[in-house]
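Number of protein chains: 2
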Amino acid sequence: MKRKSAALPAPAFPSPAFPPHAHDHAHCIDDALLAADRICAGRGARLTELRRHVLAILWRSHEPIGAYDVLERLARETRRRAAPPTVYRALEFLLGQGLIHRVESRNAFIGCTRPDMNHAVEILMCTACGRAAEVPDSRIARAVRNSAATFGFEVQRQTIEVSGVCADCRTGDRRG
Amino acid sequence: MKRKSAALPAPAFPSPAFPPHAHDHAHCIDDALLAADRICAGRGARLTELRRHVLAILWRSHEPIGAYDVLERLARETRRRAAPPTVYRALEFLLGQGLIHRVESRNAFIGCTRPDMNHAVEILMCTACGRAAEVPDSRIARAVRNSAATFGFEVQRQTIEVSGVCADCRTGDRRG
DNA sequence: GCTGCATCGTTATAATATAACATCCCTGGC
DNA sequence: GCCAGGGATGTTATATTATAACGATGCAGC
Numbered sequence: 001m002k003r004k005s006a007a008l009p010a011p012a013f014p015s016p017a018f019p020p021h022a023h024d025h026a027h028c029i030d031d032a033l034l035a036a037d038r039i040c041a042g043r044g045a046r047l048t049e050l051r052r053h054v055l056a057i058l059w060r061s062h063e064p065i066g067a068y069d070v071l072e073r074l075a076r077e078t079r080r081r082a083a084p085p086t087v088y089r090a091l092e093f094l095l096g097q098g099l100i101h102r103v104e105s106r107n108a109f110i111g112c113t114r115p116d117m118n119h120a121v122e123i124l125m126c127t128a129c130g131r132a133a134e135v136p137d138s139r140i141a142r143a144v145r146n147s148a149a150t151f152g153f154e155v156q157r158q159t160i161e162v163s164g165v166c167a168d169c170r171t172g173d174r175r176g
Numbered sequence: 001m002k003r004k005s006a007a008l009p010a011p012a013f014p015s016p017a018f019p020p021h022a023h024d025h026a027h028c029i030d031d032a033l034l035a036a037d038r039i040c041a042g043r044g045a046r047l048t049e050l051r052r053h054v055l056a057i058l059w060r061s062h063e064p065i066g067a068y069d070v071l072e073r074l075a076r077e078t079r080r081r082a083a084p085p086t087v088y089r090a091l092e093f094l095l096g097q098g099l100i101h102r103v104e105s106r107n108a109f110i111g112c113t114r115p116d117m118n119h120a121v122e123i124l125m126c127t128a129c130g131r132a133a134e135v136p137d138s139r140i141a142r143a144v145r146n147s148a149a150t151f152g153f154e155v156q157r158q159t160i161e162v163s164g165v166c167a168d169c170r171t172g173d174r175r176g
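Those sequence lines, one after another, are chains A and B. Counting in the working numbering, the final residue of the first sequence is number 176, and the numbers go up one at a time with none missing. Counting in the working numbering, the final residue of the second sequence is number 176, and the numbers go up one at a time with none missing.
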C-alpha cells in the first residue's frame, strides 16, 4: 500500500517526544526493525531471530515492558520454550547495541528512537497513559556534564527519568 | 504527607557534592539525625527508634545501601528480629519524609543531604569509590522542566542519576 | 482502663535477575 | 563433506529485591 503524501513538510522536531495517540504504529515498528538490521549488519553484530523478536515486542507499544512480560509474549508467540535467561540475554545484546533503553525506575525496557547515535538517555513517562518517550534534547545532557564538572566529576553515563503528564493526556486527547 | 517548602533561599553551595575522603563523618551522621528529628517533630511525624536506626545505617557511609543490607545490619545490631517488611516500611517512611532517596539504577537507598527542602533528585555516583552524592544544582531540574514543557509535558517527578568518576578518585586522593 | 489507630512482627510469596552448565548451530578450514 | 571452535540458546537452579496479608503490640486521647 502506498502511503498518502503529506501536505506539510516534516515537523521541526525529527521525532516529537510523544507521537499522537492515533498514529501509524506499524510504521514505527518497521522503521525500528529496519534500522536495527542496518546497524547490526554494519557492525557485524548478529541480530538473530530471537533478538529481533524481542526488539519487535518492545516496539509493539510505546510503553516500557518488563522482562517477564517480554518472556510471556515471546512464549505465547513462538513454539520455542523460553526461560528468563533467554530474554535477559537478548535484552543485554539489544542494550549493548544501543537499540533499547532500560527504564531504571520501572525495571522495564523500551525501544530506542535514536539507535544510530550514542546519546545520554532522557525519558519522559506519562503517569496517565503509561507511555514513555525519549527527549531528543542534548542540552540537558550537556548541562549535567557541565554541572558535574564544577565538582571535578567526570561523567560516564547519565540517566534522566521524568514522570508527569503528556500533552495528549493533559488536553484530553485520548485514544478511543 | 505534605512537605514544607523552604522559606529561605538556598546557600550558594551548601554542601560540596562529594566530601573529602577523610572527613568528620560522625558529624555527617549527627547532623542528619538531628535534622531528621527536627523535621519530623515539626510535622508531627513519628521518627521511631526503628526508623531512626535505619536512617543512621544509611548515613554510616556515603554509598547507597540495598534494603537487604540494611536488614542485615539492623539484625546484627539489635536484639529485635527483622524481616524485609520491617525495613521496607521504614524506608518508605523515610522516603515519604524526604529524608532519604532511592537510587533507582542500583535498587539502593541513601541519606538525603537536603531534607529540609523539596527538590528534584540529582545524584552523582562514582564508579571508582562507590560513593554517591547529591548535586545541589536546581538549574538542571529547571532545564528539564523547560525542555519537557516544549513538548507540552508537565513534570511531576524527575530523577537524574549520573555515573562517573569523582574528583578525589580522578586525582588519586584515595582513602588510606 | 478502654478504644482506636499507627507501628511493628511474622509468614508467605511475588517480581526481578543471574549463575552454571548443557546443547545447538553457524562459520571457516580442510 | 566433515570437523573444530566459538557464539547463541536451552535448561535448571537459585539469588536478589519487594510486597501481600494478617496478627500482635503499644501509644495517644478520652
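The beta carbon of each residue, even a glycine, is placed where N, CA and C say it ideally should be.
A/G164 belongs to the set of residues whose beta carbon lies under 9 Å from a beta carbon in chain B.
By a beta-carbon distance limit of 8 Å, B/I160 contacts B/V121. Their separation comes to about 7 Å. Taking the C-beta atoms as reference points, B/F151 is found nearer than 9 Å to A/L124. A check of alpha carbon separations from A/A141 across B/S163, B/V103, B/A128 and B/L99 identifies B/S163 as the nearest. Only exposed fits B/E77, as fewer than 16 other CB atoms lie within 10 angstroms of its CB. Scanning A/D69, A/V165, A/I100 and A/G96 for the CA closest to the CA of A/A45 turns up A/G96. Not a single C-beta of chain A is nearer than 9 Å to the C-beta of B/R114.
A contact is defined here as three or more CB-CB pairs under 8 Å, and the stretch 112-121 of chain B fails this definition with respect to the stretch 77-91 of chain B. Spatial neighbours of A/L50 in its own chain (CB-CB distance under 6 Å, excluding positions within 5 residues in sequence) are listed in chain order as A90. If you draw a straight line from the Cα of B/Q156 to the Cα of B/M117, it is about 16 Å long. Within 9 Å of the CB of A/R139, the CB atoms of chain B belong to A143 and S147, in sequence order along the chain. For B/L95, no CB of chain A lies under 9 Å from its own CB, so it is not counted at the interface with that chain. Here B/A56 is near B/I29, since their CB atoms are less than 9 Å apart. For B/G98, there is no enclosing alpha helix (DSSP H), as DSSP marks it with neither H nor E. Taking a C-beta distance under 9 Å as the contact criterion, A/A32 and A/L99 qualify as a contact pair. Contact check for A/A132 and A/H62: beta-carbon distance about 7 Å, within the 8 Å limit, so the pair qualifies. Cα atoms of A/E154 and B/R170: separation of roughly 8 Å, rounded to the nearest angstrom.
In the displayed model, A/G111 falls within a strand according to three-state DSSP. Per the coordinates, the alpha-carbon of A/R60 lies some 18 Å from the alpha-carbon of A/R106.
Our two residues, A/A17 and B/D37, have alpha carbons roughly 43 Å apart in a direct line. Straight through space, the alpha carbons of A/A26 and A/G42 are spaced by roughly 24 Å. Judged by DSSP secondary structure, B/R157 falls within the beta strand (DSSP E) whose first and last residues are E154 to V165.
Checking the DSSP bridge columns, you'll see B/A82 has no partner listed. Between B/G152 and chain A, the shortest Cβ-Cβ separation is below 9 Å. The beta carbon of A/R52 lies closer than 6 Å to none in the same chain, with the five residues before and after it left out. Look at B/V144 here: in three-state DSSP terms it is helix. Straight across, the Cα-Cα distance linking A/A75 with A/L47 is about 19 Å.
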